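Worksheet for the structure shown next.
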Amino acid sequence: MDTTQLLKGVLDLAVLAVVADEDGYGYDVVRRLRNAGIEEVGDASVYGTLRRLYSSGALTSYVVPSDEGPHRKYYGINAQGRAMLEAQRKDWQEFAGTMARLLGTETVR
Amino acid sequence: MSVLVDMTELDVAGYAAAVRRGLVGLPQEQVDDLTDDLEADLADALADERRAAHGRGLVEQFGTPEAYAAELRAAAGLPPADAGRSRWERLFPDPVEQTTRLGRRLLVRLRAQAWWPPTESFLVVLRPVWWVLRAWMVLQIATAWVFGSHRMTWLPTAFAEWLVLGGLVVLSVQWGRGAWFQSRSTRWVPVLANVVVVIGLLPVLGTMQSHSRQVDSVYQAWEAGSFNGGSQTVYQDKPVDGVVVDGIQVSNLFVYDAQGNPLQDVQVYDDRGRPVRTTFDNGYDQFWFPESDEPWSFVPAADADGRSRWNVYPLRGAPTSQFEYDADGAPVLQVGSTAGTPPWPFAKAPALAGRGELPASVTDGTVSASGGPGATPTAPADVLPSPTSTP
Chain P
1 MDTTQLLKGV
11 LDLAVLAVVA
21 DEDGYGYDVV
31 RRLRNAGIEE
41 VGDASVYGTL
51 RRLYSSGALT
61 SYVVPSDEGP
71 HRKYYGINAQ
81 GRAMLEAQRK
91 DWQEFAGTMA
101 RLLGTETVR
Chain C
1 MSVLVDMTEL
11 DVAGYAAAVR
21 RGLVGLPQEQ
31 VDDLTDDLEA
41 DLADALADER
51 RAAHGRGLVE
61 QFGTPEAYAA
71 ELRAAAGLPP
81 ADAGRSRWER
91 LFPDPVEQTT
101 RLGRRLLVRL
111 RAQAWWPPTE
121 SFLVVLRPVW
131 WVLRAWMVLQ
141 IATAWVFGSH
151 RMTWLPTAFA
161 EWLVLGGLVV
171 LSVQWGRGAW
181 FQSRSTRWVP
191 VLANVVVVIG
201 LLPVLGTMQS
211 HSRQVDSVYQ
221 AWEAGSFNGG
231 SQTVYQDKPV
241 DGVVVDGIQV
251 SNLFVYDAQG
261 NPLQDVQVYD
271 DRGRPVRTTF
281 DNGYDQFWFP
291 ESDEPWSFVP
301 AADADGRSRW
311 NVYPLRGAPT
321 SQFEYDADGA
331 PVLQVGSTAG
341 TPPWPFAKAP
351 ALAGRGELPA
361 SVTDGTVSAS
371 GGPGATPTAP
381 ADVLPSPTST
391 P
């Protein structure tokens with residue numbers, strides 16, 4: 001199955017979870033998602049998602065100056081983001097459970 | 001190493017610039033927000049890539065800058081519709097795109113109607129007919145363009161035309177099935193053809209229709225022998241109202257008595273007592289006589305009961321310029337003008353042998369003439385060329 005299609009629906013949740021773990025800048029978030037096993041995600045999708053979550057007020061943002069590299073824009077989660085993450089986590093777990101039950105009965109039959 | 005670094009920086013800068021170009025149309029602020037760290041992120045990604053020893057270039061890794069920009073925009077929840085569009089294009093939107101969008105909206109609304117789905121499925125089944133018609137239309141338009149509209153025929157006449165039509169049908173059907181012309185660079189060809197065909201549909205069909213009518217009449221003329229120097233015989237399906245001589249409608253009748261003297265104010269009826277009329281325009285039309293330089297209009301005679309009578313010959317009238325229109329829009333003679341008899345074809349007709357002295361027809365009463373000046377009752381049957389009259 002093409003996991004990129006599945007990922008589209010839950011990319012917000014994945015990004016929120018990564019940022020809730022620890023603040024991060026754009027490519028940092030991409031890297032952590034990849035390390036977590038989400039390989040197919042496009043860089044641009046992650047950056048766009050970060051931008052959108054920030055615009056909707058779920059993330060904070062701050063610039064970290066760097067001596068030997070470029071300045072980096074970091075994203076961190078705030079209370080609204082946490083509430084969103086909790087709600088979506090619950091939704092996902094319910095949905096995942098439903099799918100697991102459905103697929104489980106399918107294989108038994 | 002330094003060369004490599006430079007190259008990477010150059011690549012990254014070029015790629016980032018291309019991505020920003022792809023975001024044109026968004027406010028500068030949003031572009032900056034979306035691409036603040038773009039160079040740094042790209043460089044990091046490239047560095048990781050090199051560490052993994054794949055060593056792919058930016059385009060291999062991320063796809064084209066345009067695709068990258070589109071993905072960025074989509075993920076950021078920004079509408080892609082205005083993407084890459086200048087202020088000018090937003091002020092004057094692409095008409096094709098506008099029409100497409102309008103059509104889509106219309107379709108959504110139609111699909112909400114109960115009667116539409118069966119209609120749509122019916123029309124969808126008919127689509128191949130349109131594909132073939134479209135190819136035929138392109139051939140017609142091309143023929144009219146290259147050779148002139150007189151060369152247009154319902155079906156191709158030459159073998160080459162059939163070949164071209166066949167090729168066009170293949171192109172049209174393949175496009176209709178979604179097999180060909182799907183790439184961005186060639187899509188405009190069939191779209192343009194479709195627009196031209198839709199616009200040209202009515203003119204082409206109209207031209208073809210009038211052509212086939214002309215062809216019919218020329219064929220009839222040929223069949224009637226008029227191309228071989230003979231005169232043309234016109235067969236009329238419907239009887240013509242009025243009096244016809246030698247295929248030409250007659251506007252006036254001139255009656256001569258047995259001695260060949262002209263008669264005025266002769267009433268003419270057919271064998272069932274119906275008035276024989278030559279004109280049915282009630283005085284509105286204009287009639288030209290041989291060798292006259294002005295058309296005439298006619299006025300009716302009035303009978304004893306005050307009714308207008310148009311079967312009294314010769315019809316009287318006056319040059320059309322002497323008429324004016326009354327309040328009801330009916331033509332009336334101007335004050336000072338009087339209705340006269342149009343020029344007679346000849347002052348005297350040949351006298352009949354042995355019939356002259358006694359007007360026998362007075363007694364048998366089949367024809368009556370009103371008492372005009374110089375009117376002598378007579379039987380004008382010899383002069384009347386088979387009148388046809390409808391009630």
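The listed protein sequences derive, respectively, from chains P and C. Residues in the first sequence are numbered from 1 upward in steps of one, following my numbering. Residues in the second sequence are numbered from 1 upward in steps of one, following my numbering. The beta carbon of each residue, even a glycine, is placed where N, CA and C say it ideally should be. For clarity, every value in this text was computed on a predicted model and none was experimentally measured.
Output yes or no for whether 9 Å exceeds the beta carbon distance between aspartate 265 of chain C and tyrosine 313 of chain C.
yes
Whole angstroms are fine: how far does the CA of glycine 103 of chain C sit from the CA of valine 19 of chain P?
44 Å
Go to glutamine 249 of chain C, then tell me how far its beta strand (DSSP E) extends in each direction, as first and last residue.
248 to 250
Report, in whole angstroms, the separation of the C-beta atoms of serine 251 of chain C and threonine 207 of chain C, which I expect to be a contact under 8 Å.
Incorrect: roughly 35 Å between the Cβ atoms, too far for contact.
Please list the partners that phenylalanine 147 of chain C has in chain P, where partner means a Cβ-to-Cβ separation under 8 Å.
Residues of chain P passing the Cβ test: none, with the nearest at roughly 54 Å.
Under a Cβ-count criterion, where at least 16 other Cβ atoms within 10 Å of its own Cβ denotes burial, should isoleucine 248 of chain C be classed as buried or exposed?
exposed
6 Å Cβ shell around valine 15 of chain P - same chain, five flanking residues per side excluded:
Thr49
Which one of C:Arg309, C:Asp305, C:Tyr219 has the shortest CA to CA distance from valine 299 of chain C?
C:Arg309
What three-state label does DSSP hand leucine 78 of chain C in the structure shown?
coil
Would you identify the three-state DSSP class for glycine 26 of chain P, choosing helix, strand or coil?
helix
Bridge partners for threonine 60 of chain P per DSSP, in chain order?
P:Gly76
Would you mind giving the Cβ-Cβ distance between aspartate 33 of chain C and glycine 26 of chain P, rounded to the nearest angstrom? I have them listed as a contact below 8 Å.
The Cβ separation is near 12 Å, so there is no contact.
Status (buried if at least 16 other CB within 10 Å, exposed otherwise) for isoleucine 199 of chain C
exposed
Ends of the beta strand (DSSP E) at leucine 333 of chain C?
331 to 333
Residues in the same chain with beta-carbon distance under 7 Å from leucine 7 of chain P, minus the five sequence neighbours each way, listed in chain order, please.
Ile38, Glu40, Val41
Alpha carbon to alpha carbon, how far is leucine 78 of chain C from threonine 35 of chain C?
14 Å
Per DSSP, which residues does serine 297 of chain C bridge with? Please list them.
C:Ala318
What ranges does the beta strand (DSSP E) occupy inside the segment 77 to 104 of chain P, keeping only unbroken runs of at least 3 residues that lie completely in it?
none
Proximal chain P residues relative to arginine 73 of chain C, where beta-carbon distance stays under 7 Å:
Gly48
Residue-level contact to chain P via CB, phenylalanine 62 of chain C, 9 Å cutoff:
yes
Among all the DSSP beta bridges, which residues are the ones paired with proline 262 of chain C?
C:Tyr256
Does the CB of leucine 6 of chain P have a neighbour CB from chain C at under 9 Å?
no
Just to make sure I have the definition right: I need the residues of chain C whose C-beta is within less than 9 Å of the C-beta of tyrosine 111 of chain P. Which are they?
This structure does not reach residue 111 of chain P, given that chain P is present from 1 up to 109, and the question cannot be answered.
Coil, strand or helix - arginine 101 of chain C by DSSP
helix
Rounded to whole angstroms, what's the CA-CA distance from alanine 74 of chain C to serine 45 of chain P? Just pull it up for me.
8 Å
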